[in-house]
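Below is one structure, written out as structure tokens, with a few remarks after it.
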Amino acid sequence: MTLNREEAVNALQVTKDKIKKKESKWKYKIAVLSGKGGVGKSTVAVNLATALAKKGYRVGILDADIHGPDIAKMVGLEGVDVLAERTEDGRFEMLPPETDFSGKTTPVKVMTLGFIVGEDQPVIWRGPLVTKAIWQLLGDTKWGELDFFIVDFPPGTGDEILTVVQSINLDAAVIVTTPQEVALLDTGKAVNFMKKMGVPYVAVVENMSYLICPHCGGEIDIFGKGGGRKLAEKEGVDFLGEIPIDLKAREASDAGIPIVLYEDTTAAKSFMEIAEKLVKKLEEMKVKEEAEEPSSPL
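All you need for this note's numbering is the position in the sequence shown, starting with 1, plus 29.
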């Protein structure tokens, strides 16, 4: 059935209203993105979400990479069926699959198109279909009350990112880079994109900062050194930390276990420190915002 213009406008408004209603139940909304592919952005998103859940927070993660969703595999939920529940108004909402990593964290809610589209099926969609899919993942999912809602974006500044940024009010954007120069150039664009979109807090995380030698434990600067920190200083944003290359990280991702749960690794300690810094900053901003709000008239 094809909707006429008025029906289409009304349906769009209903969708936006649903998203706003759900958003009001999420304390902090965080985007994880990069200007370039291959920097480990999804790894950072998954491990940040898991680190927060490990600290006892209620966390939801949306995989907004419509054309290359891989979050499900990284959290051990690959191939899980998505159930739906009828709401009071007769509509249906998807129930996001959850994982607590065998009792190691509070349950993390996950939603991705990867649950719906076959593993080997390409998503060959133009912009309007991508936008509609994002709206459905946001508005037609029963997210519930969350302390942190984390969105894992695809590389670049395409339709997925614009749709989310224009649909919810992000509190923070974590920009992922590696030390090498070409990655820093693209990351700078991502930083400024988030600034122009009015995101209150923008920070940089440097992934693959160095390789931990499996034989001697020494640090090897494969991609250079200190680039992420220099970029943050140049753009006037916070630098949250460095994450080393750990051979266990690949094994962990393939097994659906975030590296942050391997507590004895340097990478796990780095992710926990980054999560703590982010929480502290967001709470400070929240306190300041509440203090600046005008008092309600009697």
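Beta carbons are placed, not taken as given, at the ideal position from N, Cα and C, and that holds for glycine.
Predicted model only: the values in this text are computed from it and were never measured.
In this structure the stretch 298-312 does not touch the stretch 117-133; the number of beta carbon pairs closer than 8 Å is below three.
For K254, there is no enclosing alpha helix (DSSP H), as DSSP marks it with neither H nor E. Assignment of D92 by DSSP, reduced to helix, strand and coil, places it in the strand class.
Assigned with DSSP and collapsed to three states, F177 falls in strand. Rounded to the nearest angstrom, the Cβ distance from T295 to I241 is 6 Å, consistent with a contact under 8 Å. Excluding five sequence positions before and after M314, the CB atoms of its chain that fall closer than 8 Å to its own CB belong to D200, P229 and Y230, given in chain order. T160 is the residue among G256, T160, V43 and T134 whose C-alpha sits nearest the C-alpha of I95.
Taking the CA atoms as reference points, D215 sits about 10 Å from I204. Taking the Cα of G173 as reference, the smallest distance to any Cα among K47, S282 and K310 is reached at K47.
Taking the Cα positions, K171 is about 15 Å away from T128.
Using a Cβ distance threshold of 8 Å, L158 and L91 do not count as a contacting pair. In its chain, beyond the 5 residues on either side, T79, A82 and K83 have a beta carbon closer than 7 Å to the beta carbon of T134. Close CB contacts of G253 within its chain, under the 7 Å cut and outside five residues either way in sequence, are with P208 and Q209 (chain order). Using a 10 angstroms sphere on the CB of L307, the tally of other CB atoms reaches 16 or more, which defines it as buried.
Inter-residue distance for G64 and P136 is about 30 Å (C-alpha atoms, whole angstroms).
Approximately 6 Å separates the beta-carbon atoms of V73 and V61; this is inside 8 Å, confirming the contact. Exposure of P323 is indicated by the presence of fewer than 16 other C-beta atoms within 10 angstroms of its C-beta.
Within the same chain, T135 come within 7 Å of G85 by CB-CB distance, once the 5 residues on both sides are set aside. A residue is called buried once 16 or more other Cβ atoms fall within 10 Å of its Cβ, and A212 is buried on that count. Excluding sequence positions up to five before and after G168, its CB lies within less than 6 Å of the CB of T44, K47 and I48, all in the same chain and listed in chain order. For A278, the enclosing alpha helix (DSSP H) begins and ends at L276 to D283. About 17 Å separates the beta carbons of G143 and A113, which is beyond the 8 Å limit, so they are not a contact pair. At a Cβ-Cβ threshold of 8 Å, I286 and G105 count as neighbours. Listed as beta-bridge partners of F268 by DSSP are V233. By alpha-carbon distance to G270, the top candidate from G67, E235, L175 and W55 is E235. A buried status is given to L77, since no fewer than 16 other beta-carbon atoms sit within 10 Å of its beta-carbon.
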